[in-house]
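Q: Numbering (UniProt numbering), first residue to last: 1 to 140.
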Amino acid sequence: MAIERTFSILKPDATERNITGAINALIEKAGLRIVAQKRIRMTREQAETFYAVHKERPFFGELVDFMISGPVVVQVLEGEGAIAKYRDVMGATDPSKAADGTIRKAHAKSIGENSVHGSDAAETAKIEIAQFFSGNEIVG
Ligand code: GDP
1 MAIERTFSIL KPDATERNIT GAINALIEKA GLRIVAQKRI RMTREQAETF YAVHKERPFF
61 GELVDFMISG PVVVQVLEGE GAIAKYRDVM GATDPSKAAD GTIRKAHAKS IGENSVHGSD
121 AAETAKIEIA QFFSGNEIVG
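1. Rounding to the nearest angstrom, what Cα-Cα distance links M18 and I40 in this structure?
2. If you scan the UniProt domain "Nucleoside diphosphate kinase-like" (3 to 140) from start to end, which runs of the beta strand (DSSP E) of 3 or more residues do you find wholly inside it?
3. Within 10 Å of its beta-carbon, does M42 have 16 or more other beta-carbons around it, so buried, or fewer, so exposed?
4. Check whether the Cβ atoms of A130 and Q75 lie closer than 8 Å to each other.
5. Am I right that V72 and L32 are in contact with their C-beta atoms under 8 Å? What's the rounded C-beta distance?
6. How should H107 be labelled, buried or exposed, when 16 other C-beta atoms within 10 angstroms of its C-beta is the threshold for buried?
7. Sorry if obvious, but does the Cβ on N114 come closer than 7 Å to a heavy atom of the ligand GDP?
8. Between I103 and V89, is the Cβ-Cβ spacing less than 8 Å?
9. Please report the straight-line C-alpha distance between G70 and K109, rounded to a whole angstrom.
10. Let me make sure I understand the geometry here. Which of A99, P95, A82 and S115 has the alpha-carbon closest to that of A121?
11. Mind reading off the beta-carbon distance from G118 to E78? Whole number of angstroms is fine, and I expect it under 8 Å.
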């Protein structure tokens with residue numbers, strides 16, 4: 001399988017509980033390398049752009065409000081089949097349905113406050129990485 005890059009966010013419920021290191025440990029244990037990382041506070045505009053695909057969903061307003069409610073850590077992860085691998089490590093969107101050993105099973109609070117984001121496909125990974133990182137901030 002090819003070496004890929006995927007985009008990750010450690011969401012406000014993770015920074016609030018000071019568990020970003022615990023989540024990074026699970027990421028690294030899965031064989032993914034954190035090749036870029038920064039702690040930021042998303043603007044409303046950034047969050048709305050990032051989640052534009054969900055604009056018509058009933059939870060959109062709640063999702064944007066949550067994503068700007070505190071700091072987040074944005075990351076680029078690299079590894080073999082990184083996009084699918086990180087989705088596996090994250091676990092199901094709803095933590096009550098997430099498998100044992102996944103980040104969301106261990107740490108997520110609810111379907112909304114679910115600790116992490118990971119890109120769902122190669123094309124979205126590229127777009128999402130470019131929204132938050134310039135090329136020289138990614139060091140593989
Ligand atoms: P993901 O790819 O597993 O993150 O899930 P989705 O792309 O389906 O949804 C994006 C994000 O929207 C999720 O990670 C949640 O934070 C949020 N979300 C999804 N479904 C719900 C919901 O029913 N209620 C709320 N409040 N947030 C939701």
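Ideal Cβ positions, reconstructed from N, Cα and C, are used throughout, including at glycine.
Please read all numbers here as calculations on a predicted model, not as lab measurements.
A: If we stick to the structure as given:
1. Against the sequence shown, residue 18 aligns to sequence position 18. Against the sequence shown, residue 40 aligns to sequence position 40. According to the sequence shown, residue 18 is Asn rather than Met. About 15 Å.
2. 3 to 10, 33 to 40, 72 to 80 and 116 to 118
3. Indexing the sequence shown from 1 puts residue 42 at position 42. It counts as buried.
4. The residue labelled residue 130 in the question sits at position 130 within the sequence shown. The residue labelled residue 75 in the question sits at position 75 within the sequence shown. Result no, Cβ atoms of A130 and Q75 do not sit closer than 8 Å.
5. The residue labelled residue 72 in the question sits at position 72 within the sequence shown. The residue labelled residue 32 in the question sits at position 32 within the sequence shown. At roughly 18 Å, the Cβ-Cβ gap does not stay under 8 Å, so V72 and L32 are not in contact.
6. As a working note, residue 107 is residue 107 in the sequence shown. With 16 or more Cβ atoms within 10 Å of its Cβ, H107 is classed as buried.
7. Translated into positions along the sequence shown, residue 114 becomes position 114. Flag set: Cβ of N114 near the ligand GDP.
8. Position 103 of the sequence shown, counted from the first residue, corresponds to residue 103. Position 89 of the sequence shown, counted from the first residue, corresponds to residue 89. For I103 and V89, yes; Cβs fall inside 8 Å.
9. For the purposes of this step, residue 70 is taken as the residue at position 70 of the sequence shown. For the purposes of this step, residue 109 is taken as the residue at position 109 of the sequence shown. In a straight line, the C-alpha of G70 is about 15 Å away from that of K109.
10. Numbered from 1 along the sequence shown, position 121 holds the residue referred to as residue 121. Checked all of A99, P95, A82 and S115; the closest Cα to A121 is A82.
11. Stepping through the sequence shown from its first residue, residue 118 is reached at position 118. Stepping through the sequence shown from its first residue, residue 78 is reached at position 78. In fact, because the Cβ distance is near 13 Å, the residues do not count as touching under 8 Å.
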